[in-house]
Amino acid sequence: MGVLRSVKGNEDDEERLVRRVAKGDRASFDELYRRTSPWLIVRLRRRCSDEQIVAEVMQETYLAVWRAAGSFAGAAAGGSAVGWMWTIASRRLVDAFRRRAHHAELPAAVLVETVAPAAEEEALAGAVGDAVGSALRELAPELRQVLQSMVLDGLSVRETAVLLGLPEGTVKTRARRARIAMREVLS
Amino acid sequence: MSETHASAQLIDRYVGGDTAIPGDELWALEAHLENCPVCRGRLAEIVAEQTPDVTSMLSGIWSELEPLAVSTPAPVRRRRWVATWASPTLVPWLGMTALVMGLALLVDWADSTAGRPSLVQLLAPVAPLLGVAVSWARGLDPAYELTSATPRAGLYLVLRRTMAVLAVVIPLLLLVGWAAETSVALSLLPCLAFTSATLALGGVIGVSRAAIVLASAWVVLVVGPVLAGSMIPLVLDPAGLPLWGAAFVLGVVTVGARSGAYTRLGSHR
Amino acid sequence: MKGDEHVIRAVNAAEVAPTTYAWEIRADGLRVKAGRRMAVDGVDLSLGAGVHGLLGPNGAGKTTLIRALATVLRPAGGELELLGASVGGRTEQRRLRRQIGYLPQDFGFYKRFTVREFIEYMAWLKEVSKKDIPAAVQRAIERIGLADRADDRMKTLSGGMIRRAGIAQAIVNDPQILLLDEPTAGLDPAQRLRFRELLRELGSDTCVVVSTHLVEDVAVACTDVMLMGEGKLVFRGTPAELEAAGGAGDAGDSPIERGYTALLARQQPDRGSW
Chain Y
38 MGVLRSVKGN EDDEERLVRR VAKGDRASFD ELYRRTSPWL IVRLRRRCSD EQIVAEVMQE
98 TYLAVWRAAG SFAGAAAGGS AVGWMWTIAS RRLVDAFRRR AHHAELPAAV LVETVAPAAE
158 EEALAGAVGD AVGSALRELA PELRQVLQSM VLDGLSVRET AVLLGLPEGT VKTRARRARI
218 AMREVLS
Chain G
10 MSETHASAQL IDRYVGGDTA IPGDELWALE AHLENCPVCR GRLAEIVAEQ TPDVTSMLSG
70 IWSELEPLAV STPAPVRRRR WVATWASPTL VPWLGMTALV MGLALLVDWA DSTAGRPSLV
130 QLLAPVAPLL GVAVSWARGL DPAYELTSAT PRAGLYLVLR RTMAVLAVVI PLLLLVGWAA
190 ETSVALSLLP CLAFTSATLA LGGVIGVSRA AIVLASAWVV LVVGPVLAGS MIPLVLDPAG
250 LPLWGAAFVL GVVTVGARSG AYTRLGSHR
Chain E
26 MKGDEHVIRA VNAAEVAPTT YAWEIRADGL RVKAGRRMAV DGVDLSLGAG VHGLLGPNGA
86 GKTTLIRALA TVLRPAGGEL ELLGASVGGR TEQRRLRRQI GYLPQDFGFY KRFTVREFIE
146 YMAWLKEVSK KDIPAAVQRA IERIGLADRA DDRMKTLSGG MIRRAGIAQA IVNDPQILLL
206 DEPTAGLDPA QRLRFRELLR ELGSDTCVVV STHLVEDVAV ACTDVMLMGE GKLVFRGTPA
266 ELEAAGGAGD AGDSPIERGY TALLARQQPD RGSW
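Residue numbers (my numbering), protein chains in the order written: chain Y, 38 to 224; chain G, 10 to 278; chain E, 26 to 299.
Right under this line is the structure:
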């Protein structure tokens with residue numbers, strides 16, 4: 038299962054930048070950082086409240102981008118540069134959590150949310166498709182969290198378990214319950 | 010919905026760490042941001058304006074990052090896709106095969122007594138065996154144990170590598186045969202039969218040993234007597250082709266049946 | 026419903042099905058032959074996530090045991106289950122091997138390959154999906170600290186670096202079972218320290234088996250230790266328990282070495298000093 042997406046962005050710029058980075062172009066690397074780092078850091082901060090870990094992961098990600106830009110340019114024809122960067126960043130985040138003996142506190146925010154959206158957000162909510170949207174909204178927060186980790190962030194069960202600080206069995210159970218709940222709404 | 014972007018207010022709340030954004034909107038927003046440079050640009054502006062602590066984090070990260078990004082990154086490399094077909098240690102041995110066949114060719118040219126069987130034609134059936142032996146030989150492949158422990162190890166990989174060997178050796182044989190003015194077409198089926206027999210026997214006693222055994226048997230039992238007696242035996246006669254065909258099929262069936270042998274270290278050392 | 030693949034992925038039922046096994050590695054009376062000798066003679070194991078050290082003198086059967094766990098040798102007797110699947114049939118083995126990472130003791134490599142090319146080749150052999158290979162390889166290279174030598178040919182590397190490249194190929198497919206046979210051979214003390222950190226990181230959600238004769242490595246990095254002698258498991262417990270088994274009268278320069286000698290002597294009382 039997944040989320041219906043109908044927006045296609047114009048992405049040549051980031052891909053072109055990455056190709057130039059692959060040739061060693063420092064200016065393009067600078068530009069890539071300028072353009073993508075705000076997005077990446079905000080997304081990471083919403084998954085980890087420890088600023089030191091976030092800074093570490095950001096640095097490792099961009100360093101990996103610098104070193105491996107050639108591989109991306111060669112391999113992911115038609116893939117999104119930004120998507121590729123998120124793949125790197127999410128795995129680095131999981132590795133950072135593994136390195137710590139105890140897990141950094143997740144923002145407690147993730148588990149708390151109101152139910153009724155503001156009226157002007159309806160337009161974007163429509164992008165999700167009303168049925169799926171309302172199903173997601175009504176999903177219990179801990180189930181949605183697992184689903185987000187696996188589906189939106191693209192992590193495996195083991196990686197999700199490390200990131201959320203849960204046993205693997207719990208992750209699997211919650212994922213199953215989420216799927217069942219979504220399927221009930223969609224059918 | 011292709012023109013709809015996220016509202017500035019939603020991005021604002023997202024950047025600000027607002028915990029009250031409903032689940033589906035948050036999901037849609039993050040999915041959208043991954044695809045929309047326009048909204049990412051908006052987000053960057055909002056970060057610059059509204060959250061100075063994030064901005065300073067970003068510049069701090071950059072100042073530490075920049076000196077590390079010194080050595081040139083890896084260039085877009087030619088992929089070693091050839092390695093996925095041929096065993097990485099194959100090339101010198103193919104050269105050896107070519108050398109042997111070339112020498113046979115020279116012998117044929119040098120000694121053109123009429124009626125004498127062509128050395129090229131006699132050696133052609135066992136020509137691929139060197140390459141096959143090397144492709145799956147414990148002693149010659151340094152990463153043998155590593156390779157045999159992987160999921161892709163097994164019949165599929167063996168066949169892939171064998172095909173790579175045949176893809177080089179068969180054209181070589183055709184070329185040499187044309188130059189020696191003998192018909193090597195007759196030798197192609199024996200070639201395949203020997204190859205499959207080597208793999209089948211190799212599953213039992215090790216591929217390199219099997220190749221040595223079969224090649225020696227051929228030389229001793231056929232090539233030697235033929236050169237000494239100067240007569241063409243049945244095995245190279247066109248009438249013998251069905252026998253070769255049967256041998257080939259038998260070899261293939263045996264290889265298929267014992268495919269597990271190629272995924273393990275044999276207990277033979 | 027599905028959308029752009031790079032944003033979302035489908036979660037299939039098999040991935041979230043409940044785990045059917047209690048232990049990643051389970052063996053019951055395992056017997057494995059090496060040549061004509063029964064090198065592993067009745068070993069019982071139940072190993073889960075964590076770092077498990079495997080100690081023992083040369084010829085005790087450690088390498089044979091690890092090879093059996095890597096499904097490279099077929100057991101001669103007893104039961105062996107990896108990730109809940111019994112080791113035996115063909116297709117099961119292929120799926121199973123995708124979850125295993127293995128570094129053999131005599132680790133061979135292709136000299137003309139660069140580090141990156143070699144690890145990419147191994148990733149291909151391990152059936153890592155093609156589009157994931159470059160990122161997975163980069164991650165493995167960075168985790169073992171070879172990022173600045175990644176594009177040099179392997180024949181230009183020192184012994185310790187080659188060993189590290191071997192560890193990298195073992196972790197490139199993010200395995201659930203990691204089998205390392207003498208991974209620290211050739212590493213200098215600083216590198217061994219980094220390696221132990223990596224082991225701890227991996228042990229948080231992976232079942233790692235490290236076979237080594239360097240007792241100190243085991244003492245620090247492992248959650249539990251197994252001591253093998255003459256094909257059997259002589260001891261299974263924490264490093265602290267191993268230390269406690271030794272006394273002042275036993276040979277050894279550290280408490281854990283004394284424990285090691287004491288337990289081996291008990292098993293093989295007439296064993297000479299070599």
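Just so you know, even glycine gets a beta-carbon here, dropped at the ideal spot from N, CA and C.
Bear in mind the structure is a predicted one, so any value in this text is a computation, not a measurement.
Q: Measure the alpha-carbon distance for Phe132 (chain E) versus Gly73 (chain E) and round it to whole angstroms.
A: As a working mapping, residue 132 (chain E) is identified with position 107 in the third sequence. As a working mapping, residue 73 (chain E) is identified with position 48 in the third sequence. Spanning the alpha carbons of Phe132 (chain E) and Gly73 (chain E) requires a straight line of approximately 26 Å.
Q) In chain E, what lies closer than 9 Å to Glu54 (chain G) by C-beta? A) Taking the second sequence and counting its residues from 1, one reaches residue 54 (chain G) at position 45. Within 9 Å Cβ-Cβ: nothing; Glu54 (chain G) doesn't reach chain E, min ~23 Å.
**Q.** Pro178 (chain Y) versus Pro200 (chain E): straight-line alpha-carbon distance, rounded
**A.** Position 141 of the first sequence, counting from 1, holds the residue named residue 178 (chain Y). Position 175 of the third sequence, counting from 1, holds the residue named residue 200 (chain E). Rounded to the nearest angstrom, the two C-alpha atoms are 30 Å apart.
Q | Where Glu106 (chain E) falls: helix, strand or coil (DSSP) | A | Counted from its first residue, the third sequence places residue 106 (chain E) at position 81. Looking at Glu106 (chain E) - three-state DSSP - the assignment turns out to be strand.
(Q) What does the alpha-carbon distance come out to for the pair Ala246 (chain E) and Ile169 (chain E)? (A) Indexing the third sequence from 1 puts residue 246 (chain E) at position 221. Indexing the third sequence from 1 puts residue 169 (chain E) at position 144. Rounded to whole angstroms, the separation of the alpha carbons of Ile169 (chain E) and Ala246 (chain E) is 16 Å.
Q. Pro76 (chain G) to Glu88 (chain Y), Cα distance in whole Å?
A. Stepping through the second sequence from its first residue, residue 76 (chain G) is reached at position 67. Stepping through the first sequence from its first residue, residue 88 (chain Y) is reached at position 51. The alpha-carbon atoms of Pro76 (chain G) and Glu88 (chain Y) are separated by roughly 21 Å.
Q) Taking the alpha carbon of Ala324 (chain E) as the point to measure from, which residue in E:Arg141, E:Arg189 and E:Asp206 has its own alpha carbon closest? A) Because chain E is modelled from 26 through 299, residue 324 (chain E) falls outside the range shown and cannot be assessed.
Q.
Can you check which of these residues, E:Ile166, E:Leu288, E:Thr231 and E:Glu266, is closest to Ala101 (chain Y) by C-alpha distance?
A. Counting from 1 along the first sequence, the entry for residue 101 (chain Y) is found at position 64. It is E:Ile166.
Q: If I'm right that Asp176 (chain E) touches Arg141 (chain E) with Cβ under 8 Å, what's the distance once you round it to whole angstroms?
A: Stepping through the third sequence from its first residue, residue 176 (chain E) is reached at position 151. Stepping through the third sequence from its first residue, residue 141 (chain E) is reached at position 116. Right, the Cβ-Cβ distance comes to about 6 Å (below 8 Å), so this counts as a contact.
Q.
Can you confirm whether the segment 256-274 of chain E touches the segment 167-176 of chain Y when touching is taken to mean that 3 or more C-beta pairs between the two stretches lie within less than 8 Å?
A. no
Q) Would you call Glu79 (chain G) buried or exposed, if buried means 16 or more other Cβ atoms sit within 10 Å of its Cβ? A) Position 70 of the second sequence, counted from the start, is the residue given in the question as residue 79 (chain G). As written in the sequence, residue 79 (chain G) is Val, which differs from the Glu given in the question. Under this definition Val79 (chain G) is an exposed residue.
Q: Inspect the beta-carbon positions of Asp249 (chain E) and Gly75 (chain E) and report whether they are closer than 8 Å.
A: Numbered from its first residue, the third sequence carries residue 249 (chain E) at position 224. Numbered from its first residue, the third sequence carries residue 75 (chain E) at position 50. Yes; because the gap between Cβ atoms is below 8 Å, this pair is in contact.
Q.
Could you compute how far the alpha carbon of Ala145 (chain Y) sits from the alpha carbon of Arg129 (chain Y)?
A. Taking the first residue of the first sequence as 1, we reach residue 145 (chain Y) at position 108. Taking the first residue of the first sequence as 1, we reach residue 129 (chain Y) at position 92. Unreliable placement is indicated for Ala145 (chain Y), whose pLDDT of 39 sits below 50; the coordinate value is still reported in the next sentence. Approximately 22 Å, taken between the alpha carbons.
Q | 8 Å CB neighbourhood of Gly54 (chain E) in its chain, flanking five on each side removed | A | On the third sequence, residue 54 (chain E) is found 29 positions in, with the first residue counted as 1. Around Gly54 (chain E): Gly67, Val68, Asp69, Gly102, Gly103 and Glu104.
Q. When the distance is taken between beta carbons, is Ala158 (chain G) closer than 8 Å to Arg189 (chain E)?
A. If you number the third sequence from 1, residue 189 (chain E) lands on position 164. If you number the second sequence from 1, residue 158 (chain G) lands on position 149. Against a cut-off of 8 Å, the Cβ pair of Ala158 (chain G) and Arg189 (chain E) comes out as no contact.
Q. Taking the alpha carbon of Pro180 (chain G) as the point to measure from, which residue in G:Cys200, G:Tyr165, G:Leu168 and G:Leu166 has its own alpha carbon closest?
A. Translated into positions along the second sequence, residue 180 (chain G) becomes position 171. Among G:Cys200, G:Tyr165, G:Leu168 and G:Leu166, the Cα nearest to that of Pro180 (chain G) is on G:Cys200.
Q) Would the segment 61-69 of chain Y and the segment 35-44 of chain G be scored as touching if the rule is three or more Cβ pairs under 8 Å? A) No, they do not touch.
Q: Specify the secondary structure class of Ser157 (chain G) as computed by DSSP and reduced to three states.
A: Start at 1 with the first residue of the second sequence, and residue 157 (chain G) comes out as number 148. Three-state DSSP puts Ser157 (chain G) in a helix.
(Q) Contact defined as beta carbons within less than 8 Å: I believe Val199 (chain Y) pairs with Ser183 (chain E). What is the distance between those atoms, to the nearest angstrom? (A) Counting from one through the first sequence, the residue named residue 199 (chain Y) turns up at place 162. Counting from one through the third sequence, the residue named residue 183 (chain E) turns up at place 158. About 33 Å; that fails the 8 Å criterion.
**Q.** Distance CB(Ala219 (chain G))-CB(Leu230 (chain G)) smaller than 8 Å
**A.** The residue you call residue 219 (chain G) lines up with position 210 of the second sequence. The residue you call residue 230 (chain G) lines up with position 221 of the second sequence. It is not a contact, given that the beta carbons lie outside the stated cut-off.
Q: Would you please verify whether the beta carbon of Trp36 (chain G) is less than 8 Å from any beta carbon of chain Y?
A: Working through the second sequence from its first residue, we reach residue 36 (chain G) at position 27. With 8 Å as the cut-off, Trp36 (chain G) counts as an interface residue toward chain Y.
**Q.** Local conformation of Phe109 (chain Y) per DSSP, three classes
**A.** Here the question's residue 109 (chain Y) lines up with position 72 in the first sequence. Note: Phe109 (chain Y) maps to helix in three-state DSSP.
**Q.** Through-space distance from Thr156 (chain G) to Met147 (chain E), alpha-carbon basis
**A.** The sequence position of residue 147 (chain E) within the third sequence is 122, counting from 1. The sequence position of residue 156 (chain G) within the second sequence is 147, counting from 1. Distance between the alpha carbons of Met147 (chain E) and Thr156 (chain G) is about 8 Å.
**Q.** Inter-residue spacing [alpha-carbon to alpha-carbon] between Arg94 (chain G) and Ser268 (chain G)
**A.** Locating residue 94 (chain G) in the second sequence gives position 85, counting from the first residue. Locating residue 268 (chain G) in the second sequence gives position 259, counting from the first residue. Per the sequence shown, the amino acid found at residue 94 (chain G) is Trp instead of Arg. Going from the Cα of Trp94 (chain G) to the Cα of Ser268 (chain G) covers about 18 Å.
Q) Buried or exposed: where does Leu238 (chain G) fall if 16 or more other Cβ atoms within 10 Å of its Cβ makes it buried? A) The residue you call residue 238 (chain G) lines up with position 229 of the second sequence. It should be pointed out that residue 238 (chain G) corresponds to Gly in this sequence rather than to Leu. Per the 10 Å Cβ criterion, exposed.
Q: Decide if the segment 107-114 of chain G is in contact with the segment 132-145 of chain G; the criterion is three or more beta carbon pairs, one per stretch, under 8 Å apart.
A: yes
Q: Thinking Gly81 (chain E) and Gly271 (chain E) are a contact (beta carbons under 8 Å), I'd like their distance in whole angstroms, please.
A: Mapped onto the third sequence, residue 81 (chain E) falls at position 56. Mapped onto the third sequence, residue 271 (chain E) falls at position 246. Not really, about 16 Å apart at Cβ, beyond 8 Å.
Q. List, in order along the chain, the chain G residues whose C-beta lies closer than 9 Å to that of Arg122 (chain E)?
A. In the third sequence, residue 122 (chain E) corresponds to position 97, counting from 1. Correct list: Ala158, Thr159, Pro160, Arg161, Ala162 and Thr272.
Q) Sorted by chain position, which residues of the same chain lie with C-beta nearer than 6 Å to Leu204 (chain E)'s C-beta, five sequence neighbours on each side aside? A) To locate residue 204 (chain E), count along the third sequence from 1; it is residue 179. Excluding positions up to five away in sequence, the list reads Ile91, Leu94, Ala95, Tyr127 and Val234.
Q) Can you name, in chain order, every residue of its own chain whose Cβ lies under 7 Å from the Cβ of Val65 (chain E), other than the five neighbours on each side? A) Reading the third sequence from its first residue, position 40 is the one you call residue 65 (chain E). Answer for Val65 (chain E): Leu55, Arg56, Val57, Gly86, Thr89, Leu90, Ala93 and Gly256, listed in chain order.
Q | Coil, strand or helix - Met219 (chain Y) by DSSP | A | Your numbering for residue 219 (chain Y) matches position 182 in the first sequence. The answer is helix: DSSP assigns Met219 (chain Y) an H, G or I state.
(Q) Against chain G, does Ala210 (chain E) count as a neighbour if the rule is that its beta carbon must be under 8 Å from one of theirs? (A) In the third sequence, residue 210 (chain E) corresponds to position 185, counting from 1. Not closer than 8 Å to any Cβ of chain G, the Cβ of Ala210 (chain E) fails to qualify, so no.
Q. Are there three or more Cβ pairs, one per stretch, closer than 8 Å when the segment 45-64 of chain G is compared with the segment 62-80 of chain Y?
A. yes
Q) Ends of the beta strand (DSSP E) at Lys257 (chain E)? A) Numbered from 1 along the third sequence, position 232 holds the residue referred to as residue 257 (chain E). In this chain, the beta strand (DSSP E) harbouring Lys257 (chain E) covers Lys257 to Gly262.
Q: Closer than 9 Å, Cβ to Cβ, to anything on chain G: give me those residues from the segment 94-113 of chain E, in chain order.
A: Ala95, Thr96, Val97, Leu98 and Arg99
Q. Exposed or buried, Tyr46 (chain E), counting other C-beta atoms within 10 Å across all chains shown (16 or more means buried)?
A. In the third sequence, counting from the first residue as 1, residue 46 (chain E) sits at position 21. Tyr46 (chain E) is exposed by the Cβ-count criterion.
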